[in-house]
Structures are given as structure tokens and as C-alpha cells.
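Asks: Below is the structure I would like to discuss, written out as C-alpha cells.
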Amino acid sequence: MMRRFGTIVLVLFLGVAISGCAASKKKGGSAVEVEDATIGNTTDSTASGIGTGDTTAGEIIVVEENTTDMDDPLGQRVVYFDFDSANLTPEAQRIVEAHAQYLAGNPGMAVVLEGHADERGTREYNLALGERRANAVSQIFQSLGVPADAIRTISYGEERPVSMGQDEGAWSLNRRVEILY
Amino acid sequence: MTPDRIIRRLALWWLLGAFAFSPSAFGKLTIEITEGAGSGIPIAAVPFKWIGSGSPPEDIGAIVSADLYRSGRFDLLPASDFLSRPSEVSEVRYKDWRLIKAEALVVGRLTMTGPDQFDVSFELLDVYREKVKTGLKFSVKRSQLRQVAHQISDRIFYEMTGIEGAFNTRIAYVTMQQQDKDRIYQLMVADSDGHNPQEILKTTNLPVLSPSWSPNGQWLAYVSFSDDRSGANIWFQDIASGQRRRIARIDGSASAPAWSPDGRSLALTVSASGNTDIYVMQVATGELRRITKDPAIDTEPAWSPDGRDLVFTSDRGGRPQIYRAKADGTGVERLTREGKENAGASYDPTGKRLVLVTNRGSGAGYQIGVFYLESGRTDVLTDGTLDESPTFSSNGTMILYATKMGREGVLAAVSADGRVRQLLKLHDGDVREPAWSVSR
């Protein structure tokens, strides 16, 4: 049943096939750097019909920049997960708890927990998985005294990868929750 | 494949390539056949005779030939083999076609009858019985000529195979292009052969996914995001007017829309308080009914053709697998048992098969499979590692899906029996999330 994509046409694509971006991964202890450059900060939607057009301009939202002090758990705004898992690693737990304590001690602050997945699996499943990851962080926040109404969770599934590679190095950076406040 | 067949295939390639890249027929998507069945019905399609001034506005014969070829059911005989070029039944010498082993012959005419008015007519002939099998005549404007060509293909396909054609249908898909720091998404609608692509939505940094056609082909439901960070939500968009509206505000996020066969309901996924379940919404009233109530992820609902059942993806057993429930949520049962993961299932028009994304384990990644409900077996049809979003043609013979060429997303099609595969190459950007319409 299985046959290979086997004709001349494939040759035309080889150039594309070997030009995939190399993943850059720096992961050791707490020295995790995530480049935010792949995600722009302007959003906009324009719907149009095949007959007539309809334009809606969007607002601007500002994606907060990661702070740079990597020794302080509060300096780390991103926690990472294993494949198809929403369980927090001990390192992630430490970071999440530090943020929870800070937020619990500063009433009135609002936090957005943004869940993400790697590209493996279907897009819709990954949207749900990102939701589950964000919710796992939210549960810890709430258990440590952050009011539920100060927390908003949002999942982008696999739609906003920070690393474009197609290997575990890239995937491990994309399975994440970003803590934004 | 015999050398003769390879040469024929290359000759046809030349023909289709010239057609695909000619400026007048230039579309955003070009179709590139990577593997043929080599055992189709031998058919000869004579270029349609042009009766008018200047050059013909469309090459009807080439559009029909390309449709038939893409279906994998036909071997298109190369025009260089033709011993004569009839355009009328009265001009046909059947022995010319028996000599080159054609079983069927298509002849036709394109006549200019006014400034923007054309007559198109064709006949399909049985070479061995020496008789006309079918024929049609159309009077249309220039802008309708491609659609007429696809209707001719549908008629020929039905006469030769007994299966309704699905050429005169449309596809929706999403493109994504990285421009500096921004990701630009476009929701596109095109003819089934990729021609006539038209943007119906463009967003900046707001992902677009999961388009679903209403059964009458008038609306698309899809998932996107708004700039208020409220999470994924579902929009309805009228394709002709471009009018769109977000479905009634839901506490949580909404995704995975699937129109019911009668067009009255929408199955969808709602995530609230971290739990993801299937709901059914009445399109007219917005009334929501909860279908699943499991702490696991339940998503990607799809209707059976009779509207009685829903299949969906759930990880309630540990890994994503396909389950089925009655449309009221009762009688939940697990369907897939082969493979490490199965997801993203939808029914074929007979209700006997599902197309799905399957992961067989051992690092094989994700391929497109056809699951047979009666036997519980799955045929794996593709060999990519990140294949996804499969969608059946309305007649169940072809499956359109998303695959990767290197880092780039492209669309591909495979016949439901796995014999023919083809790539649909977009010229720039990442192409994903195909959805095939049921009607035009």
C-alpha cells in the first residue's frame, strides 16, 4: 500500500527540503533564552468577500518582554513541558511558585498564562493541550492565593512557536507556558 | 511502470505543465502529480475546437484532461498519438481511436456567440460500441468557463465510473507568511483544482485554523483569535459578501467547528476552566448543548453523513484516540485501537470509513490513514512525518491533506485507495488546513 513519492518532481523540492532552519537551543540549568522575535506585537484582521469587501482595523497589544535576570526565578517567565504532558517539572514548579507568591502578595495585579504546544499532533488537539498546560499553572497560582479573577488563561496551541526547527531541541522550547504580567 | 507509460506520463507532464504555468491560467496553486496509478481507463480528450476570433479564453479540453488525470482513474492518451482531431461526432473515425487503444473519446467545441457570451458543448463517445454516451451544451459568460469545464469533468467521471464527480467544488485553506516579526495569515477559497484563489480573510499575528464549509457552500466557519486576548473563538463568514461574525460569547475558548449535514447545527469544542469538551450549537439561536463530560481533552468533532453520530478525538484513555457518540452524547465508544495516537477524524460520504491522522509509534510521526468502521482496521496512505488535516472530496474518492516539504507546509492529495498522490504547490508561504466543500 505504501509507496514513495517517487518521481522527478520530488527533486524539484529537495532544495526546499534541506533548507529547514536549524534549531538553536540553549537549555541547561536555568539558562533558557527564548527569542521573542518570531512573534510580532501588532494584530489585525481583515475579512473580505469574493464579491464585496469589509475591513476591520485591529488594536495594538504589547507583548511584554522577558526580563533577563536568570538566577531569580521571577526573572523567568517561561516554563517548559514534556511531550503531550501538562505536568510541571521540579524546575517549572519552582518558577511558577515564585510568581504565584509574588502575585499573591501584590493584589490587584492581573496575569495572563499563555499555553503553547509543539507541532506534533493535530492543531486542534494542541490547542486543547496548550489550554491544559496554562490551566495547570493557573491551578498552582490559585492554590497559593492568587485570585482566580486575576488570572486569564489563553492557548495558542502550536500556532506560535518560538523555535522553527523540526527536532526535539526546537519542540522542547515550544512546549511552554508564558507567564505574562 | 512500463517505459511506454513513463514516456506517456512525461508527455502529459509537459502538457499539464504548460497549461499550469501559462499566464492566462496562472493560479496560486499548481498541481504536481508525484505518483500515478498507471492502470486507469485509457481516454482521449481532443482539444476543443475554438470558433471565434483571437485565441480561446480558456482551454476547456486541458482543464477537463487535468481533472480526469488528477482523479487517478484515467490514463490520458497524449495528443501526439492522435491520428485525427475531430470536434464533432460526425467527424469521428472510431478506428483511429481503437488503434491507439482509447476506450473513450471526448470531443467538444467552444463558440463565441457575443461580446461576453460563449457556447460550450461536448460529447463523450464509447470507442468500441461506436456510440455517444453523453453530451452537454452550456451558454455562459467568460467568467463561468472554468466552472463549466469542471461540470463536464463531473459528467464524464460519472459516466465512466458510476461515481458522482467532485471537480466542480471548492477548497478552503490557510496560508501563513512570515514578514519580519509578523506572521500574516490568509484564509483562501479556490476551485478544486487550485485555480481562482481568493482571499476571504487576512490577519496579522492572529492564527487562523480549522475552516469548515456549510453544506450549501455559502458559509465557512473557522477558528481565529481576536486582539483582546480572549482566546480561540469561532467565526462564521459569508463567502460571497465577506460579512463575518463571531459566535455568541462563550465563557472560555471555542474551536474545531464542524457543520452538521443539515446545516442547522455546529459541533464545536469549548474549553472552560481547563476542561475541553464537545458541544453542539444551534446555528439559528446560538443555543449550546454539552455532548461530552469528561475531564480529558475531547475535541475535533465530526458528523456522520446521516447526522446521527459524532466522532471525536479524546485522550481519556491516556493518548489521543477516536471515539464515537450519538449526537445527543450518549453511547460513547472507542473506535481506534491500532496505532499510538489517532486524531482529527472525519467521515466519508458513505459513513463506512473515517479519514484520520495516525501515529503508528516508533518515531514514525504522523500520517493520513483511512479507518474502516466495520473491520476496525486502518490503511495508512501517506509517508510524511507531519501529515494532518485530511478532508474527503464530496464523492469520497480523494483526500486532501497538509504535509511538509522541508519546513514549508504544502497541500497534497491522495486517492482514498492510496494509489495516486499529488502535491499542490503554492508559490510562497506555508499552506495548511485544507477543507473540501460538499457543494459548489
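In order, the protein sequence lines correspond to chains E and P.
Taking this note's numbering, the leading residue of the first sequence gets 1, the next gets one more, and so forth.
Taking this note's numbering, the leading residue of the second sequence gets 1, the next gets one more, and so forth.
Glycine is no exception: its CB is placed at the ideal position from the N, C-alpha and C atoms.
Using a Cβ cut-off of 7 angstroms, pull out every chain E residue sitting near residue 39 of chain P, in sequence order please.
Replies: Neighbours of residue 39 of chain P on chain E: none; closest Cβ ~13 angstroms, over 7 angstroms.
Asks: Decide if residue 331 of chain P is buried, meaning its Cβ has at least 16 other Cβ atoms within 10 Å, or exposed.
Replies: exposed
Asks: Mind checking the stretch 196 to 207 of chain P against chain B and listing, in chain order, the residues whose C-beta falls within less than 9 angstroms of any C-beta there?
Replies: Given the protein chain composition of this structure (E and P), no chain B is represented.
Asks: Residue 50 of chain E touches chain P at which residues, Cβ-Cβ below 8 angstroms?
Replies: 189, 198, 200, 239, 240 and 242
Asks: Quick check: what's the CA-CA separation for residue 88 of chain P versus residue 70 of chain P?
Replies: 26 angstroms
Asks: Between the stretch 131 to 144 of chain E and the stretch 159 to 172 of chain E, are three or more C-beta pairs nearer than 8 angstroms?
Replies: No contact exists between the stretch 131 to 144 of chain E and the stretch 159 to 172 of chain E.
Asks: Which chain P residues sit within Cβ distance under 7 angstroms of residue 154 of chain E?
Replies: The CB of residue 154 of chain E comes closer than 7 angstroms to the CB of 229 and 231 in chain P, given here in chain order.
Asks: List, in order along the chain, the chain P residues whose C-beta lies closer than 7 angstroms to that of residue 166 of chain E?
Replies: 407
Asks: Taking just the CA atoms, how far does residue 98 of chain E sit from residue 235 of chain P?
Replies: 38 angstroms
Asks: Would you call the stretch 393 to 408 of chain P and the stretch 47 to 65 of chain P in contact, with 3 or more CB pairs under 8 angstroms?
Replies: no
Asks: Quick one: which unbroken alpha helix (DSSP H) runs of 4-plus residues sit fully inside the stretch 73 to 131 of chain E? Chain order, please.
Replies: 90 to 104
Asks: Specify, as a first and last residue, the run of the beta strand (DSSP E) that residue 157 of chain P falls within.
Replies: Not the beta strand (DSSP E): residue 157 of chain P falls in the alpha helix (DSSP H), residues 145 to 161.
Asks: Between residue 413 of chain P and the ligand ZN, is there a pair consisting of the residue's CB and a ligand heavy atom that are separated by less than 7 angstroms?
Replies: The ligand ZN is not part of this structure, which contains no ligands at all.
Asks: Please state the DSSP three-state secondary structure of residue 165 of chain E.
Replies: coil
Asks: Name the residue from P/239, P/227 and P/228 whose alpha carbon lies nearest to the alpha carbon of residue 211 of chain P.
Replies: P/239
Asks: Go ahead and label residue 285 of chain P buried or exposed: buried means 16 or more other beta carbons lie within 10 angstroms of its beta carbon, across all protein chains shown.
Replies: exposed
Asks: Just the Cα atoms here: how many angstroms apart are residue 181 of chain E and residue 338 of chain P?
Replies: 44 angstroms
Asks: Given a cut-off of 8 angstroms on the beta-carbon distance, is the pair residue 449 of chain P and residue 159 of chain P in contact?
Replies: The structure shown does not extend to residue 449 of chain P, since chain P is modelled only from 1 to 440, so the question has no answer here.
Asks: In the DSSP assignment, what residue or residues form a beta bridge with residue 333 of chain P?
Replies: P/324
Asks: Mind checking if residue 299 of chain P is an interface residue toward chain E, Cβ cutoff 8 angstroms exclusive?
Replies: For residue 299 of chain P, at least one C-beta of chain E is nearer than 8 angstroms to its own C-beta.
Asks: Is the CB of residue 344 of chain P under 8 angstroms away from at least one CB in chain E?
Replies: yes
Asks: Taking Cβ-Cβ distances shorter than 9 angstroms, what residues in chain E pair up with residue 323 of chain P?
Replies: Near residue 323 of chain P there are no residues of chain E at all, since even the closest Cβ is about 13 angstroms away, more than 9 angstroms.
Asks: In whole angstroms, what is the alpha-carbon distance linking residue 371 of chain P and residue 166 of chain P?
Replies: 22 angstroms
Asks: Count the other C-beta atoms from every protein chain shown that fall within 10 angstroms of the C-beta of residue 320 of chain P, then say buried if there are 16 or more, exposed otherwise.
Replies: buried
Asks: For residue 190 of chain P, which beta-bridge partners are listed by DSSP?
Replies: P/171
Asks: Who are the near neighbours of residue 56 of chain E in its chain, counting only those whose CB is closer than 7 angstroms to its CB and skipping five residues on each side?
Replies: Confidence is the limiting factor: at residue 56 of chain E the pLDDT is only 36, short of 50, which leaves the residue's position unreliable, though a coordinate-based value still follows. 45, 46 and 47, listed in sequence order.
Asks: Kindly indicate which three-state DSSP category residue 95 of chain P falls into: helix, strand or coil?
Replies: helix
Asks: For residue 402 of chain P, which beta-bridge partners are listed by DSSP?
Replies: According to DSSP, residue 402 of chain P bridges with P/388 and P/411.
Asks: Here's the rule I'm using: 16 or more other beta-carbon atoms within 10 Å means buried, otherwise exposed. How should residue 342 of chain P be labelled?
Replies: buried
Asks: Hey, does residue 181 of chain E have any beta-carbon neighbour from chain P nearer than 8 angstroms?
Replies: no
Asks: Within 8 angstroms of any Cβ in chain E, is that where the Cβ of residue 521 of chain P sits?
Replies: As displayed, chain P neither begins before 1 nor continues past 440, which places residue 521 of chain P out of reach and without an answer.
Asks: Quick check on the burial criterion: 16 or more other C-beta atoms within 10 angstroms. Buried or exposed for residue 59 of chain P?
Replies: Looking at its Cβ environment, which holds 16 or more other Cβ atoms inside 10 Å, residue 59 of chain P is buried.
Asks: With DSSP as the reference, please indicate the residues paired to residue 359 of chain P in a beta bridge.
Replies: P/341 and P/366.
Asks: Quick one: grab the DSSP three-state call for residue 64 of chain P.
Replies: helix
Asks: What distance in whole Å lies between the Cβ atoms of residue 411 of chain P and residue 431 of chain P, which are believed to be in contact at a cut-off of 8 angstroms?
Replies: 5 angstroms
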